[in-house]
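Here the sequence shown stands for residues 41 to 809, numbered as in the numbering used here. The structure appears below as structure tokens.
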Amino acid sequence: MREKELRELLADMSLEEKIGQMVQVVGGLFAEDATITGPMQEMGFTQELMGQVGSVLGTFGADTVKEIQRKYMEKQPHHIPLLFMLDVINGFRTVFPIPLGQGATFEPELSEKCAQAAAKESAASGVHVTFAPMTDLVRDARWGRVMESTGEDPYLNSLFCAAMVRGFQGDDLSAKGNIAACVKHFAGYGGATAGRDYNTVELSDHTLREFYLPSYKAGIDAGAALVMTSFNTLGGIPSTGNKYLMRDVLRDEFEFDGVLISDWAAIEEMIYHGYCADGREAAKRAAAAGVDIDMMTGCYAKNLCALVRDGEIPEEAVDEAVYRILELKNRLGLFEHPYKDADGELEREVILCDAHRRLAREAAVKSFVLLKNEGALPLEKDRKTAFIGPYTDNRNLMGSWSIIGKPEDVGTLREAVAERFGAGVQADGGSRYGRGALGQERFASDAQAEGQDALADGTISFHAGSPVLGNSMKVEGFLGSAEEPCSDAEAEAMLAEAVAAAKEAEQVVLALGEHYLQSGEAKSSGIISLPEIQLRLFREVCAVNDNVTVVLFSGRPLDLREISQKAKAILEVWWPGTEGAAAIADVLYGASSPSGKLPMSFPYCVGQAPVHYNEYSTGRPHHPGADKDFFRSRYLDIPNKPLYPFGYGLTYTSFSVSPVKLDRGEMTRDGQITARVTVKNTGSRPGTETIQLYLHDIAASVVRPVRELKGFRKVELQPGEEREIGFTITDKELVFLTENGRWESEAGEFEVFIGSDSMTENAARFRLL
Ligand code: BGC
Numbered sequence: 041m042r043e044k045e046l047r048e049l050l051a052d053m054s055l056e057e058k059i060g061q062m063v064q065v066v067g068g069l070f071a072e073d074a075t076i077t078g079p080m081q082e083m084g085f086t087q088e089l090m091g092q093v094g095s096v097l098g099t100f101g102a103d104t105v106k107e108i109q110r111k112y113m114e115k116q117p118h119h120i121p122l123l124f125m126l127d128v129i130n131g132f133r134t135v136f137p138i139p140l141g142q143g144a145t146f147e148p149e150l151s152e153k154c155a156q157a158a159a160k161e162s163a164a165s166g167v168h169v170t171f172a173p174m175t176d177l178v179r180d181a182r183w184g185r186v187m188e189s190t191g192e193d194p195y196l197n198s199l200f201c202a203a204m205v206r207g208f209q210g211d212d213l214s215a216k217g218n219i220a221a222c223v224k225h226f227a228g229y230g231g232a233t234a235g236r237d238y239n240t241v242e243l244s245d246h247t248l249r250e251f252y253l254p255s256y257k258a259g260i261d262a263g264a265a266l267v268m269t270s271f272n273t274l275g276g277i278p279s280t281g282n283k284y285l286m287r288d289v290l291r292d293e294f295e296f297d298g299v300l301i302s303d304w305a306a307i308e309e310m311i312y313h314g315y316c317a318d319g320r321e322a323a324k325r326a327a328a329a330g331v332d333i334d335m336m337t338g339c340y341a342k343n344l345c346a347l348v349r350d351g352e353i354p355e356e357a358v359d360e361a362v363y364r365i366l367e368l369k370n371r372l373g374l375f376e377h378p379y380k381d382a383d384g385e386l387e388r389e390v391i392l393c394d395a396h397r398r399l400a401r402e403a404a405v406k407s408f409v410l411l412k413n414e415g416a417l418p419l420e421k422d423r424k425t426a427f428i429g430p431y432t433d434n435r436n437l438m439g440s441w442s443i444i445g446k447p448e449d450v451g452t453l454r455e456a457v458a459e460r461f462g463a464g465v466q467a468d469g470g471s472r473y474g475r476g477a478l479g480q481e482r483f484a485s486d487a488q489a490e491g492q493d494a495l496a497d498g499t500i501s502f503h504a505g506s507p508v509l510g511n512s513m514k515v516e517g518f519l520g521s522a523e524e525p526c527s528d529a530e531a532e533a534m535l536a537e538a539v540a541a542a543k544e545a546e547q548v549v550l551a552l553g554e555h556y557l558q559s560g561e562a563k564s565s566g567i568i569s570l571p572e573i574q575l576r577l578f579r580e581v582c583a584v585n586d587n588v589t590v591v592l593f594s595g596r597p598l599d600l601r602e603i604s605q606k607a608k609a610i611l612e613v614w615w616p617g618t619e620g621a622a623a624i625a626d627v628l629y630g631a632s633s634p635s636g637k638l639p640m641s642f643p644y645c646v647g648q649a650p651v652h653y654n655e656y657s658t659g660r661p662h663h664p665g666a667d668k669d670f671f672r673s674r675y676l677d678i679p680n681k682p683l684y685p686f687g688y689g690l691t692y693t694s695f696s697v698s699p700v701k702l703d704r705g706e707m708t709r710d711g712q713i714t715a716r717v718t719v720k721n722t723g724s725r726p727g728t729e730t731i732q733l734y735l736h737d738i739a740a741s742v743v744r745p746v747r748e749l750k751g752f753r754k755v756e757l758q759p760g761e762e763r764e765i766g767f768t769i770t771d772k773e774l775v776f777l778t779e780n781g782r783w784e785s786e787a788g789e790f791e792v793f794i795g796s797d798s799m800t801e802n803a804a805r806f807r808l809l
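This is how it looks when you write it as structure tokens:
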């Protein structure tokens, strides 16, 4: 449709019909037998409105979508098609590593491909819009949603956000296989105080703009069709009603002209924040802030008409919002092709196709971070090996946002190892499997205990078909649970069996981790160590075997103090997705080498949270071992530095990085400097290293982080091979938000660090004239 026709369509719509476009409901309400009951009517959802709502959340499946669309369009006064939206986060049915794991690849181009594959599968299944990427900057491992982010760095997050937007959307939203992306959660949601989900966010405007906003902006600049508001307040004002954030920053400064959708029920939640007296005021404030779609409350449905008729909201504001929604439908080509790609045959063809599975395996391999290795990895093929722990035979490797992925599509580690060596793994005496315990005491909080008694006893079993918490999440409206509890005696027996297996083995692989529903939305955690029962398993196994490799599954950085002391090797595998187990087997046996780098610091312990590498120096910086006095910015009992810092990760070979060489010592604003190092593979295996460039502005009108990532390069080198890597530094790398409130550089001295992680001391200096 051309713009003129869209405008004519808008002009022909009644106020009620227009407001319908601004309302989103779940697909279940379109079911044949769905009735709008009393409470729904109370909320403002009438049968009439259902014939006019603009979009649907959580429904997918080509046939289902087509049926709903067909029936709806017959009744809709202007035959305007519905938009179908879904959380396609780290994949659709083929599940890729969680976004935090994708961040560890330091390879945004790979995430672009993953997003593209997810778009293809979901589009075939009738989805038009995904609520991704989430690009909230995260610093606090207590916050369960760190798993949905690509980490703590604004530069890295920006690259990933833009890449994912490109991957989902392609060049043309109407083209086959493309869906619209929604950058979320605007803004600052990752700064939840004390890591408690939905909690207040307190950020200075400076910190917000310097650290938190850039990656949303990058997604918008990449053309994201939608933005989602965040649940939190910022400076005391909920984002969803925050005119400064939504009008001044998002629309005016960032020039975002796409659709702004509220987060789930966030408009109504402005009442509970204590910002609005009732639904009418909430609707008024959200509309005034320019929120186009009300996700899942009746605030717009019930109040917007009256607000317009009473002159409290100008009808032009509604027109503006509805035009944006119609425009999105038009960009997706829905007026001409209301089913877009929805096609049962195509679904069967693309979903879980070989190409997507291969991509999932590649992404998983590249997401793994080798945190420690004292010669334990790669495993020796001929040695007697015991695989122990709750994740040796577990299909729940996808993470909590994989709402479409099915455990039955996922191989287990046991299967992957068996496949590698043929069927006779146990019979040949080479490898054995011992059980452990998953331990769920961290779940036994009051809230969880209410509905999940089975978890409250602190122990659940782990062997094949082990603890399954229904991963239906909101798609079906509840967090289900189906546990397989085991008695204390059974748990003791498993432990004994595991220890016996470890005793006999020459090398042990302990597959440990969080439960996959322990990270994600509303999964904040005050304790970020492994459950006690797993630590006990770890201790007892280490007591009888000193060659233990820990394969660690988690959606967040964990406190690994004890593990890091006793294990010979630690491989962080996050939630690796559909092909995760095969990828782990590839890496354990050296068919592939690990190459991931941490996108988020692993704190020494929870007391450090929030911790991040790009901190300020303070007036009393602490230099361990060299402090002149006691009054330094430090802890009495723990170090300042995280256990494993941002950018850190080992591989199966070693690299040397030569001292940083600059081609000149001074530069002007329109000039440039090239910083060079030579990287050499000093080990005996081929390997990939990610060389990172950090800058530090030594004195500035607003204090600068001690280091800021400004570039990186992945290099693959054969043993003995070396390569020179050059980074070009221009004014673009030096600008920051100065005391003038402008993005500009300031003359003075800068440090350049180039190395293998954010703690490198390999440095040189130059001066900006
Ligand atoms: C989450 C969003 C998500 C939405 C729709 C909310 O609870 O915060 O990230 O997109 O639900 O499922």
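Glycine included, C-beta positions come from ideal geometry on N, C-alpha and C. A quick note: this is a predicted structure, and the numbers were derived from the prediction, not measured.
Practice task
Tell me whether I500 sits in a helix, a strand or coil according to DSSP, three-state version.
Solution key: Residue numbering aside, residue 500 sits at position 460 when the sequence shown is read from its first letter. For I500, the predicted structure reports a pLDDT of 19, less than 50, and the residue's modelled location is therefore unreliable. A value from the coordinates is still provided. Shown here, I500 sits in a strand according to DSSP, grouped into three states.
Practice task
Please indicate yes or no: does the CB of E304 lie closer than 7 Å to some heavy atom of ligand 1?
Solution key: Here residue 304 corresponds to residue number 264 of the sequence shown, with the count starting at 1. The identity of residue 304 in the sequence shown is Trp, whereas the question assumes Glu. For W304, the Cβ falls inside the 7 Å cut-off from some heavy atom of ligand 1.
Problem - L509 in three-state terms, based on DSSP - result: Here the question's residue 509 lines up with position 469 in the sequence shown. Annotation note: pLDDT 24 at L509 (below 50); position unreliable, coordinate value reported separately. Here L509 sits in coil by DSSP.
Problem - Contact the segment 214 to 231 vs the segment 168 to 177: 3+ CB pairs below 8 Å - result: A contact exists between the segment 214 to 231 and the segment 168 to 177.
Exercise for the section: Say whether the segment 639 to 650 touches the segment 757 to 774, bearing in mind that this needs 3 or more beta-carbon pairs closer than 8 Å, one atom from each stretch. Expected result: No, they do not touch.
Problem - Straight-line gap, G723 to L628 (C-alpha atoms, nearest Å) - result: Within the sequence shown, residue 723 is the residue found at index 683, counting from 1. Within the sequence shown, residue 628 is the residue found at index 588, counting from 1. G723 and L628 have their C-alpha atoms spaced approximately 18 Å apart.
Handout entry: L213 beta carbon near ligand 1 (any heavy atom closer than 7 Å)
Key = Within the sequence shown, the letter at position 173 stands for residue 213. Every heavy atom of ligand 1 is 7 Å or more from the Cβ of L213, so no.
Practice task
From the DSSP output, read off the bridge partner residues of G766.
Solution key: In the sequence shown, residue 766 corresponds to position 726, counting from 1. Answer is R716, bridged to G766.
Practice task
Starting from A804, follow its DSSP beta bridges and name the residues at the other end.
Solution key: Stepping through the sequence shown from its first residue, residue 804 is reached at position 764. DSSP, once it has assigned bridges, lists V792 as partnering A804.
Practice task
Check each candidate in F132, K58, F85 and name the one with the smallest Cα separation from Q116.
Solution key: Here residue 116 refers to the residue found at position 76 when the sequence shown is read from its first residue. Minimum Cα distance to Q116 is reached at K58.
Practice task
Go ahead and pull the three-state DSSP assignment for E612.
Solution key: Sequence index remark: in the sequence shown, residue 612 carries index 572 (1-based). Note: E612 maps to strand in three-state DSSP.
Problem - Own chain partners of A361 with C-beta closer than 7 Å, once the 5 adjacent residues on each side are dropped - result: Locating residue 361 in the sequence shown gives position 321, where the first residue counts as 1. Taken in chain order, the residues that qualify are M62, D332.
Problem - Own chain residues within Cβ distance below 6 Å of A262, not counting five before or after - result: Here residue 262 corresponds to residue number 222 of the sequence shown, with the count starting at 1. When the five nearest sequence neighbours on each side are left out, the beta carbons in the same chain lying within less than 6 Å of the beta carbon of A262 are those of A202, V205, R206, in order along the chain.
Handout entry: Inter-residue CB distance, S633 and G727 (contact presumed, cutoff 8 Å)
Key = Sequence index remark: in the sequence shown, residue 633 carries index 593 (1-based). Sequence index remark: in the sequence shown, residue 727 carries index 687 (1-based). The pair is a contact, with the Cβ atoms about 5 Å apart (cut-off 8 Å).
Handout entry: Beta-carbon spacing of V299, L372 below 8 Å
Key = Taking the first residue of the sequence shown as position 1, residue 299 is located at position 259. Taking the first residue of the sequence shown as position 1, residue 372 is located at position 332. Their beta carbons are not under 8 Å apart, which means V299 does not touch L372 by this criterion.
Exercise for the section: Examine ligand 1 and report whether any of its heavy atoms sits within less than 7 Å of the Cβ of H818. Expected result: The chain is shown from 41 up to 809; residue 818 falls before or after that span and cannot be answered.
Exercise for the section: With distances taken Cα to Cα, identify the nearest neighbour of P660 among K668, Y653, H652, S673. Expected result: Mapped onto the sequence shown, residue 660 falls at position 620. This sequence places Arg at residue 660; Pro is not what is there. Among K668, Y653, H652, S673, the Cα nearest to that of R660 is on S673.
Practice task
With hydrogens ignored, establish whether the beta-carbon of D127 is closer than 7 Å to any heavy atom of ligand 1.
Solution key: The residue given as residue 127 occupies position 87 in the sequence shown. Here the distance from the Cβ of D127 to the nearest heavy atom of ligand 1 is below 7 Å.
Exercise for the section: Name the residue from G665, V93, K342, L213 whose alpha carbon lies nearest to the alpha carbon of N830. Expected result: A question about residue 830 goes unanswered here, because the residues of the chain that appear run from 41 up to 809.
Handout entry: L97 Cβ short of 7 Å to ligand 3 heavy atom set
Key = This structure lacks ligand 3; the ligands present are ligand 1.
Problem - Proximity of I108 and V93 at Cβ, strictly below 8 Å - result: Mapped onto the sequence shown, residue 108 falls at position 68. Mapped onto the sequence shown, residue 93 falls at position 53. In this structure, I108 lies away from V93, with their beta-carbon atoms at least 8 Å apart.
Handout entry: C-alpha distance - K424 paired with F132, whole-angstrom precision
Key = To locate residue 424, count along the sequence shown from 1; it is residue 384. To locate residue 132, count along the sequence shown from 1; it is residue 92. Going by the C-alpha atoms only, they are around 38 Å apart.
Handout entry: Residue environment, S54, which counts as buried when at least 16 other CB atoms sit within 10 Å
Key = For the purposes of this step, residue 54 is taken as residue 14 along the sequence shown, with counting starting at 1. Under the 10 Å beta carbon count, S54 is surrounded by fewer than 16 other beta carbons and is classified as exposed.
Exercise for the section: Count the other CB atoms, across all protein chains shown, that sit within 10 Å of the CB of I271; report buried if there are 16 or more and exposed otherwise. Expected result: Taking the sequence shown and counting its residues from 1, one reaches residue 271 at position 231. For clarity, residue 271 is Phe in the given sequence; the question names Ile instead. Buried, since its Cβ has 16 or more Cβ neighbours within 10 Å.
Exercise for the section: With a floor of 3 residues, list each beta strand (DSSP E) that falls wholly inside the segment 619 to 696, ordered by position along the chain. Expected result: Counting only runs of at least 3 residues, the segment 619 to 696 fully encloses no beta strand (DSSP E) element at all.
Practice task
With hydrogens ignored, establish whether the beta-carbon of F251 is closer than 7 Å to any heavy atom of ligand 1.
Solution key: On the sequence shown, residue 251 is found 211 positions in, with the first residue counted as 1. Incorrect: F251 has no Cβ contact closer than 7 Å to ligand 1.
Exercise for the section: Measure the beta-carbon distance from E192 to M640 and round it to whole angstroms, keeping in mind my assumption that it falls under 8 Å. Expected result: In the sequence shown, the residue the question calls residue 192 occupies position 152. In the sequence shown, the residue the question calls residue 640 occupies position 600. Between E192 and M640 a beta carbon distance of about 5 Å is seen, short of the 8 Å cut, so the two are scored as contacting.
Handout entry: From W441, T714, G78, I428, residue whose alpha carbon lies closest to that of A540
Key = In the sequence shown, residue 540 corresponds to position 500, counting from 1. Comparing C-alpha distances from A540 to each of W441, T714, G78, I428 shows the shortest one belongs to I428.
Handout entry: Given A804 as reference, the closest of E414, E791, D797 once Cα atoms are compared
Key = Numbered from its first residue, the sequence shown carries residue 804 at position 764. With distances taken between Cα atoms, A804 lies closest to E791.
Problem - Selected residue, minimal CA-CA separation from A265, among S442, P745, G788, P173 - result: Here residue 265 refers to the residue found at position 225 of the sequence shown. Among S442, P745, G788, P173, the Cα nearest to that of A265 is on P173.
Exercise for the section: State the start and end residues of the unbroken beta strand (DSSP E) segment that holds H225. Expected result: Here the question's residue 225 lines up with position 185 in the sequence shown. Boundaries of the beta strand (DSSP E) harbouring H225: 222 to 226, taken from the DSSP string.
Handout entry: Where S165 falls: helix, strand or coil (DSSP)
Key = Translated into the one-based positions of the sequence shown, residue 165 becomes position 125. Of the three classes helix, strand and coil, the one that applies to S165 here is coil, per DSSP.
Exercise for the section: With DSSP collapsed to three states, give me the class of G98. Expected result: Along the sequence shown, one-based indexing puts residue 98 at 58. Shown here, G98 sits in coil according to DSSP, grouped into three states, outside any helix or strand.
Practice task
Keeping to the same chain, check which residues put their C-beta closer than 6 Å to that of T337; ignore five residues upstream and five downstream.
Solution key: Stepping through the sequence shown from its first residue, residue 337 is reached at position 297. Excluding positions up to five away in sequence, the list reads A305, I307, E308.
Handout entry: Separation of E602 from W615, as counted between CA atoms
Key = Translated into positions along the sequence shown, residue 615 becomes position 575. Translated into positions along the sequence shown, residue 602 becomes position 562. A straight line joining the alpha-carbon of W615 with that of E602 spans about 22 Å.
Practice task
Could you say which of A621, G184, P254 lies nearest to R454 if we only look at CA atoms?
Solution key: Counted from its first residue, the sequence shown places residue 454 at position 414. Checked all of A621, G184, P254; the closest Cα to R454 is A621.
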